[in-house]
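Number of protein chains: 6
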Amino acid sequence: MFDNPIAINDIIQRALLEDIGSSDVTTEAIVDPKRRGKAELLAKEDIVLAGLPVFVRVFRQLSSEMGFEHYFRDGERVPAGERISLISGPVSAMLQAERTALNFLQRMSGIATLARKFVDRIGTRKVRIVDTRKTVPGLRLLDKYAVRMGGGANHRLGLFDGVLIKDNHIAAAGSIKEAIDLARDKVPHTLKIEVEVEDLDGVKAAVDAGADVVLLDNMSPAIMKEAVKLTEGRVMLEASGNINMDNIEEVAQTGVHIISIGALTHSVRAVDLSLEIIPDKIV
Amino acid sequence: MFDNPIAINDIIQRALLEDIGSSDVTTEAIVDPKRRGKAELLAKEDIVLAGLPVFVRVFRQLSSEMGFEHYFRDGERVPAGERISLISGPVSAMLQAERTALNFLQRMSGIATLARKFVDRIGTRKVRIVDTRKTVPGLRLLDKYAVRMGGGANHRLGLFDGVLIKDNHIAAAGSIKEAIDLARDKVPHTLKIEVEVEDLDGVKAAVDAGADVVLLDNMSPAIMKEAVKLTEGRVMLEASGNINMDNIEEVAQTGVHIISIGALTHSVRAVDLSLEIIPDKIV
Amino acid sequence: MFDNPIAINDIIQRALLEDIGSSDVTTEAIVDPKRRGKAELLAKEDIVLAGLPVFVRVFRQLSSEMGFEHYFRDGERVPAGERISLISGPVSAMLQAERTALNFLQRMSGIATLARKFVDRIGTRKVRIVDTRKTVPGLRLLDKYAVRMGGGANHRLGLFDGVLIKDNHIAAAGSIKEAIDLARDKVPHTLKIEVEVEDLDGVKAAVDAGADVVLLDNMSPAIMKEAVKLTEGRVMLEASGNINMDNIEEVAQTGVHIISIGALTHSVRAVDLSLEIIPDKIV
Amino acid sequence: MFDNPIAINDIIQRALLEDIGSSDVTTEAIVDPKRRGKAELLAKEDIVLAGLPVFVRVFRQLSSEMGFEHYFRDGERVPAGERISLISGPVSAMLQAERTALNFLQRMSGIATLARKFVDRIGTRKVRIVDTRKTVPGLRLLDKYAVRMGGGANHRLGLFDGVLIKDNHIAAAGSIKEAIDLARDKVPHTLKIEVEVEDLDGVKAAVDAGADVVLLDNMSPAIMKEAVKLTEGRVMLEASGNINMDNIEEVAQTGVHIISIGALTHSVRAVDLSLEIIPDKIV
Amino acid sequence: MFDNPIAINDIIQRALLEDIGSSDVTTEAIVDPKRRGKAELLAKEDIVLAGLPVFVRVFRQLSSEMGFEHYFRDGERVPAGERISLISGPVSAMLQAERTALNFLQRMSGIATLARKFVDRIGTRKVRIVDTRKTVPGLRLLDKYAVRMGGGANHRLGLFDGVLIKDNHIAAAGSIKEAIDLARDKVPHTLKIEVEVEDLDGVKAAVDAGADVVLLDNMSPAIMKEAVKLTEGRVMLEASGNINMDNIEEVAQTGVHIISIGALTHSVRAVDLSLEIIPDKIV
Amino acid sequence: MFDNPIAINDIIQRALLEDIGSSDVTTEAIVDPKRRGKAELLAKEDIVLAGLPVFVRVFRQLSSEMGFEHYFRDGERVPAGERISLISGPVSAMLQAERTALNFLQRMSGIATLARKFVDRIGTRKVRIVDTRKTVPGLRLLDKYAVRMGGGANHRLGLFDGVLIKDNHIAAAGSIKEAIDLARDKVPHTLKIEVEVEDLDGVKAAVDAGADVVLLDNMSPAIMKEAVKLTEGRVMLEASGNINMDNIEEVAQTGVHIISIGALTHSVRAVDLSLEIIPDKIV
């Protein structure tokens, strides 16, 4: 699932250190470390699952004796009430991993579930729903993975893997054309050049200067349609700014290729999951 | 503001590395590093501010030449439209810090704003609104700080600074009494012993066994009132479970001392802030 | 044994890097890495063992082929001359781990052995012997674990998991009452409030202001008895300051609940252990 | 003083994180961060000072506003009762740094004070008192620095900067000669070759094979004298094993060049220092 | 110069720790830390300079008292014999930083000097000389920066900021078309899609499937010309494979847009620079 | 092979993070993670192999399912065209590890191959070829290991494991004698004292002052011979400065014991190796 186990393990280790700190005083005092048990991960509402490999690694960081059976995979819909996984292993490690594992999984599934709603809302149309850089500091890899699990796609991961020329860049360069020329001259040829514009003049200037992608910032659907007509498929068009469940269909119908939605990651509702240790399985 | 500048700086450095990665290709190509400018941080909605010292450090990590004037402080209410800060320094560093700095500040102010709403809703009553461990992995220090800025208080920071005996601990120990005895025997005497119970029998058992705090999990206000009567002030009582803006007043009126609310941090809405570089100040 | 394998492994890795640095030049030049052997860990004096899991992990960090048989467990008394463990694996890794592993184990067992002496000295009385924050920087988790293995208990682990109001806090707040009020208002409710006082007036003020624990700093046993009488069990009382093997019984008889001893960790005598590679087992 | 500020700063940061953790709950609740004060560092017994630069950096890591006046320098004797330093700055940072700073300084000065005693005991004779690798894991740089401040010298810092062929190396190689030949062939020519031997035959074999230094392990002074006579100054001789204040003079008189003493660092008594905030200087 | 001071400082700290380790034993023994001096950095051959900001930071990491005057800037040609910089500060820090600072600067200037030769060789033609991922592990940011200082441009920094479909990707996908379709469907829209092909059929297939860039792997100039003709400017063409000073002009004349050269970074000759402390300036 | 797996793993992890960053976008989009395959590592020119254990660990960091069969070992000559290793495992991990693994192996084998050439050139004479500190920052352990695999030996690893008194140290001390006296007095006795001199007077002064090793800096072979005669074997002599394949025999014949060559590591040519995934083994 993840190309980069080193980075993921580092994120998980920090999360566990943050929560356990010097010691889980309660469990250490009360639960015999030899006790073993089983627990089940349950969906308490309808969700799209994302983050199961992270969830598993949290437990495995604390004990090499953890066993897992999964009944769903990342990207699948899980109806309320379903058991997602069955976990077995030392009870003390379960209790110590539980909150951190759920904190990851509830956020990631929350993102996937919301992304899926946006994607479903626009139906079969060939429009790509993408995220933004409005993610929680430190968890961008996970947030963006979750968007993909929900059927969305990723905008650039950071400032390093995409050129996005904004108003201040344009101001610093003097004009859209000058900004694009500088970028084309200096950035790796592997990157497309995207320019954010606020009106049709901007669209025209960007296309004339050779932009690969034009971001239509806070435009009305009517203006977006004009932009689509104006550009005749010569560039990709990205709609951005205050797009929500109510207006996304209308935006999608304008003919833009990409719709970016900050709300996918900046205001995540954690979905309701629970991890229940099965009492009569504790031995 | 923060006792622990080392931990905060580490969180900020990781966030910047995550976003900038190998390079901000756009800015590096277009903006002359000698250019200086001014920017203003604006509230686009009514908020309670939290995170300004973090916001500042993000910029300072990238340039030692950043200057700041602040018109509000953490914990204060900022009405929509107000200027929070004026920032001056190298434009390139501003552009590189902007998104990361806002990601921190919008989340933290979102938490503070929500906490303030809960606190205000219960008015002047002597009930403490507290958070939980349902925070975003890696940002707990910041999430919990934000709760305080919103007028709330903190439950334990992690597993290390508070004893909370839950159902599985009780099952492992055999009974509430046995669990409390084990904890009292082994944990530092600086920690109180809190026990989570589900009914009045549990409350009674916890008090009899000498618990310092009893967490009333998912009880109705009516039962909470019984618990208050039953315990006669011998223990602190914490109400927990599905408490929201609609029912918090009723819960507060039961006489419990503490109300914990997972939603304060697990499903944060980022407040709307914007950082605008002032065009005619770029030099 | 340890809730937090991540933190422990980090401590061990740093210790090994410190000692091995660029290379164990002697062993690398002389010992064929394929050579395998056995070694025995011996007690050269009567000790209480503490740190075996750390000892084992030091070797395992250098080679996954290490095998161990243990004849004692942490917390047990080991008489002089007894074999504690039998170790088998690559000789080169043994030689490289040896000193670091012993440095940990000798210090930790030194702490446990001393703690046990204090605990035994006061016999069966219900008084808790606790440590302080006077530990070696970087090894507090291990130092405090060793105290527990010697039959002692832990005071707070750090500044984060216990409130201890000292003279300077009182001076800054204005009075004991004001300091306690501030602390009760702001710290997590999971923490007790302990106040350090120097005389009976202080004890009285602390109790009246609602302290949970009162630390009697450098008081004579006679005054401690007065404090016990005065407080009538309403608070826990901790005796502290220059308590040693000679006077601890007298202090314990005063009726205080807790005795804290800085010497448990600030001036540790490493116990005498040796690791002997068995010559005719080298193959 | 230290060549390697990067390594020292890292050690200090870890120590502060260990102690402060999520927060100094007491100070944060009670002490206004704007309060400033003065404190004095006092010697409560006669010591040789070591670690002042570390002490200073602990405070500076927490606040850039700390000021220091020093009345003694590392390596100097400080009589009981003397003021070592005067410190001024924010009171809250002082309270948070105090324990960690003292933990470093008391241990390091304890080492220096003991080393000075050994050095003084053997008077003006040309014998070098050196430490061993029996240091506290993580603090070797500091422990060894303290030995130098006490007038001692350092044995190798770790396994990387000195060859020390011990019994197991000899067993693995087949003989002293084979071990020395292997080492001379493979290790950097910048390192001397030292061999540990247990009797005069060993001394002879080591000298014949071209050892640069011979470590006389646990020999009686009489045998050491024989070794001195036997080697006639062709090699350096190091005495090691159970050397203490009672027998060091006799050992020194045998004519050996170096005496190594594990007790310098493995069983350190922290010297008695105190940091007193001056009450009427708090503003 | 660098967007990412955090990453650069981390690289420099590791380099200094690697070289200084536990201590610069020579300088610490001999040079009084209060001694101050001046040194000059000299070019011993004609070079293109790259890495001066890194050079400076190496010294600054060891002492905050270093002063610098520079007579050249990165990217400029420096004739043999010229003084590049004048450095003043503590002599001990100079001696400790010298080798590490030169190791960085000699490699980086070696890369820039070579890149400049390639760029000059093809004269004014509109062909971009780019590097590859054949860099020294750990120094890619610096290696790639040096290429830019020599007048070259960067290919993707890593696997994250560019799509490059190679033979094995094509084999795994089934065909060029299938590979491109998968990539277009899944990767961020900010990235171009580049395909490596080995013959004209591959070129045709890649263009038909919508590749943005086609990498002509190990083709003869004659075939490259065919590729240029075949594609008629619809895609960017990159020539790669065994291109050197002898054949680069011919390759450049084929009409390709980009020439990538692994030798720019995989086999770097360190240029000859020297840092001379000026004897009579030592005070 | 390496004493210090912790340090090596850290170097490898950083290299992988540098290359993979947020994700290998190409492979993640195209290659099913369940696909398995085989690949062969081939020598494309005659080399001396060095770095195979590093090569293996790069793959293993990304997948625990990698299998290896090796047909050569580090230090062996591999003729052009030979298969060095056969690798099996997940294709996606292979593609992600490939470039980083080769970057290490090609550099290390390049160093070993060149070292072997120098060693062979001087034939059976008893002269030791050693490296310098002119290595690539961050990879010194690997560079120096590769020199040993090529039949060379190592000079000091860093500033910590060897004393080398240079002109500036002498200037700071006042004279060669004073510098040596200071060093002998202060550095661990495990280190030899080497002095760099520029003429026969320097040689004489160094020997008279008791240097263990004298470095003859940039002397002609004739002068070196004089130095050999003058010192009569009382010290080791190291020749240094512009020694290359053309003049090394003549230098070796002068009678010096050690020849150090910066070019072994400062200007490494990566040898030609390739990793070919075997197409019909992909399943």
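Residue numbers (this note's numbering), protein chains in the order written: chain A, 1 to 283; chain B, 284 to 566; chain C, 567 to 849; chain D, 850 to 1132; chain E, 1133 to 1415; chain F, 1416 to 1698.
The C-beta atom is built at its ideal place from N, Cα and C for all residues, glycine as well.
Because the structure is a prediction, the values reported are computed rather than measured.
Q: Let me know the alpha helix (DSSP H) ranges lying completely inside the region 1441-1508 of chain F, each 4 residues or longer, listed in chain order.
A: 1467-1477
Q: Please compile the residues from chain E whose C-beta is within a distance smaller than 8 Å of the C-beta of Thr1442 (chain F).
A: Locating residue 1442 (chain F) in the sixth sequence gives position 27, counting from the first residue. By Cβ distance, chain E contributes Leu1291, His1301.
Q: Please confirm whether Ile1108 (chain D) and Val1117 (chain D) have their CB atoms less than 8 Å apart.
A: Counting from 1 along the fourth sequence, the entry for residue 1108 (chain D) is found at position 259. Counting from 1 along the fourth sequence, the entry for residue 1117 (chain D) is found at position 268. No, the Cβ-Cβ distance between Ile1108 (chain D) and Val1117 (chain D) is not below 8 Å.
Q.
Measuring alpha carbon to alpha carbon, tell me which residue in C:Val761, C:Met785, C:Val702, C:Ser629 is nearest Val801 (chain C).
A. Walking along the third sequence from the start, residue 801 (chain C) turns up at place 235. For Val801 (chain C), the nearest C-alpha among the options comes from C:Val761.
(Q) Under 8 Å: do the region 764-771 of chain C and the region 450-465 of chain B share three or more Cβ pairs, one atom per stretch? (A) no
Q: Locate the beta strand (DSSP E) running through Asp1632 (chain F), then write down its first and last residues.
A: As a first step, residue 1632 (chain F) is located in the sixth sequence; it is residue number 217 there, counting from the start. Its beta strand (DSSP E) spans residues 1628-1632.
**Q.** Ordered list of alpha helix (DSSP H) runs contained in the region 748-822 of chain C, each at least 4 residues
**A.** 766-774, 787-797, 814-818
Q) For Gly434 (chain B), which residues from the same chain have a beta carbon less than 7 Å from its beta carbon, with the 5 sequence-adjacent residues on both sides left out? A) Your numbering for residue 434 (chain B) matches position 151 in the second sequence. These residues qualify, in order along the chain: Ala398, Arg399, Val402.
Q. Which residues, in order along the region 1419-1447 of chain F, keep a beta-carbon less than 7 Å from a beta-carbon of chain C?
A. Asn1419, Pro1420, Ile1421, Ala1422
**Q.** Rounded C-alpha distance that separates Leu52 (chain A) from Gly1365 (chain E)
**A.** In the first sequence, the residue the question calls residue 52 (chain A) occupies position 52. In the fifth sequence, the residue the question calls residue 1365 (chain E) occupies position 233. About 46 Å.
Q) How is Ser1392 (chain E) classed by DSSP in three states: helix, strand or coil? A) One-based indexing of the fifth sequence puts residue 1392 (chain E) at position 260. Here Ser1392 (chain E) sits in strand by DSSP.
Q) When the Cα atoms are used, what is the spatial distance from Arg1231 (chain E) to Ala1225 (chain E)? A) The residue given as residue 1231 (chain E) occupies position 99 in the fifth sequence. The residue given as residue 1225 (chain E) occupies position 93 in the fifth sequence. Distance between the alpha carbons of Arg1231 (chain E) and Ala1225 (chain E): 11 Å.
Q: Could you tell me whether the region 698-707 of chain C touches the region 601-608 of chain C, where touching means 3 or more Cβ pairs closer than 8 Å?
A: no
Q: Counting only the same chain and skipping the five closest in sequence on each side, list residues whose C-beta sits under 7 Å from that of Gly1677 (chain F).
A: Residue numbering aside, residue 1677 (chain F) sits at position 262 when the sixth sequence is read from its first letter. Thr1547, Lys1549.
Q. So, is the C-beta of Val1628 (chain F) closer than 8 Å to a C-beta in chain D?
A. As a first step, residue 1628 (chain F) must be located in the sixth sequence, where it is residue number 213. Yes - at least one Cβ of chain D is within 8 Å of the one on Val1628 (chain F).
Q: Determine the DSSP secondary structure at Val579 (chain B), reduced to helix, strand or coil.
A: The structure shown does not extend to residue 579 (chain B), since chain B is modelled only from 284 to 566, so the question has no answer here.
Q: Check each residue of the region 1163-1197 of chain E: if its Cβ is closer than 9 Å to any Cβ of chain D, include it; give the result in chain order.
A: Pro1165, Gln1193, Leu1194, Ser1195
(Q) Pop quiz: Met1281 (chain E) and Val1360 (chain E) are said to be a contact at Cβ under 8 Å. What is the actual Cβ separation, rounded to whole angstroms? (A) Your numbering for residue 1281 (chain E) matches position 149 in the fifth sequence. Your numbering for residue 1360 (chain E) matches position 228 in the fifth sequence. So it is not a contact: roughly 30 Å between Cβ atoms.
**Q.** CB of Met507 (chain B) within 8 Å of CB of Val480 (chain B), strictly
**A.** Residue 507 (chain B) sits at position 224 when you count from the first residue of the second sequence. Residue 480 (chain B) sits at position 197 when you count from the first residue of the second sequence. Their beta carbons are not under 8 Å apart, which means Met507 (chain B) does not touch Val480 (chain B) by this criterion.
Q) Which residues bound the alpha helix (DSSP H) around Val996 (chain D)? A) Translated into positions along the fourth sequence, residue 996 (chain D) becomes position 147. 989-998 is the span of the alpha helix (DSSP H), which, as asked, contains Val996 (chain D).
Q) Looking at Ala1444 (chain F) and Val1319 (chain E), is the spacing between their C-beta atoms short of 8 Å? A) In the fifth sequence, the residue the question calls residue 1319 (chain E) occupies position 187. In the sixth sequence, the residue the question calls residue 1444 (chain F) occupies position 29. Yes, they are a contact pair.
Q | Three-state secondary structure (DSSP) of Leu1407 (chain E) | A | Sequence index remark: in the fifth sequence, residue 1407 (chain E) carries index 275 (1-based). Here Leu1407 (chain E) sits in strand by DSSP.
(Q) Just to check my reading of the structure: Ser305 (chain B) and Gly1290 (chain E) have Cβ atoms closer than 8 Å, yes? What is that Cβ distance to the nearest angstrom? (A) Taking the second sequence and counting its residues from 1, one reaches residue 305 (chain B) at position 22. Taking the fifth sequence and counting its residues from 1, one reaches residue 1290 (chain E) at position 158. Correct: roughly 7 Å between the Cβ atoms.
Q.
Determine, for Glu196 (chain A), whether the minimum Cβ-Cβ distance to residues of chain E falls below 8 Å.
A. On the first sequence, position 196 is the one that residue 196 (chain A) refers to. Chain E, which has no Cβ nearer than 8 Å to the Cβ of Glu196 (chain A), makes this no.
Q) Taking a cut of 7 Å between CB atoms, which residues from the region 925-949 of chain D lie near chain C? A) Val940, Leu944, Gln945, Arg948, Thr949
Q) Which residues in chain F sit within 7 Å of Ile1409 (chain E), going by Cβ to Cβ distance? A) Along the fifth sequence, read from residue 1 onward, the residue named residue 1409 (chain E) stands at position 277. Those within 7 Å of Ile1409 (chain E) in chain F are Asn1583.
Q) Which residues in chain C sit within 9 Å of Leu474 (chain B), going by Cβ to Cβ distance? A) Your numbering for residue 474 (chain B) matches position 191 in the second sequence. What Leu474 (chain B) touches in chain C: Arg722, Asp727, Gly728, Thr756, Leu757, Lys758.
Q | Where Val1545 (chain F) falls: helix, strand or coil (DSSP) | A | Position 130 of the sixth sequence, counting from 1, holds the residue named residue 1545 (chain F). Strand at Val1545 (chain F).
Q.
Tell me the rounded alpha-carbon separation between Gly379 (chain B) and Val1186 (chain E).
A. Your numbering for residue 379 (chain B) matches position 96 in the second sequence. Your numbering for residue 1186 (chain E) matches position 54 in the fifth sequence. It is worth fixing the name first, because residue 379 (chain B) is Gln in this sequence and not Gly. Each residue's Cα considered, the two are about 21 Å apart.
Q) Can you tell which of C:Met674, C:Val657, C:Val729, C:Arg580 has the C-alpha that lies nearest to the C-alpha of His1115 (chain D)? A) Taking the fourth sequence and counting its residues from 1, the one referred to as residue 1115 (chain D) is at position 266. Checked all of C:Met674, C:Val657, C:Val729, C:Arg580; the closest Cα to His1115 (chain D) is C:Met674.
Q: Mind listing the chain C neighbours of Ile541 (chain B)? Cutoff is C-beta to C-beta under 9 Å, in chain order.
A: If you number the second sequence from 1, residue 541 (chain B) lands on position 258. Neighbours of Ile541 (chain B) on chain C, chain order: His755.
Q) So what does DSSP say about Ala1002 (chain D), is it helix, strand or coil? A) As a first step, residue 1002 (chain D) must be located in the fourth sequence, where it is residue number 153. Three-state DSSP puts Ala1002 (chain D) in a strand.
Q: Assign Val1403 (chain E) to buried or exposed, taking buried as 16 or more other Cβ atoms, counted over all protein chains shown, within 10 Å of its Cβ.
A: The residue labelled residue 1403 (chain E) in the question sits at position 271 within the fifth sequence. Classification of Val1403 (chain E): buried, given that the 10 Å Cβ count is 16 or more.
Q. Using DSSP with H/G/I as helix, E/B as strand and the rest coil, what is Ser589 (chain C)?
A. Counting from 1 along the third sequence, the entry for residue 589 (chain C) is found at position 23. Looking at Ser589 (chain C) - three-state DSSP - the assignment turns out to be coil, as it is neither helix nor strand.
(Q) Since Leu1405 (chain E) and Leu1174 (chain E) should fall inside the 8 Å C-beta cutoff, what is the C-beta to C-beta distance between them, to a whole number of angstroms? (A) Here residue 1405 (chain E) is taken as the residue at index 273 of the fifth sequence, counted from 1. Here residue 1174 (chain E) is taken as the residue at index 42 of the fifth sequence, counted from 1. Right, the Cβ-Cβ distance comes to about 7 Å (below 8 Å), so this counts as a contact.
Q) So, is the C-beta of Met802 (chain C) closer than 8 Å to a C-beta in chain B? A) Locating residue 802 (chain C) in the third sequence gives position 236, counting from the first residue. Yes, because at least one Cβ of chain B sits closer than 8 Å to the Cβ of Met802 (chain C).
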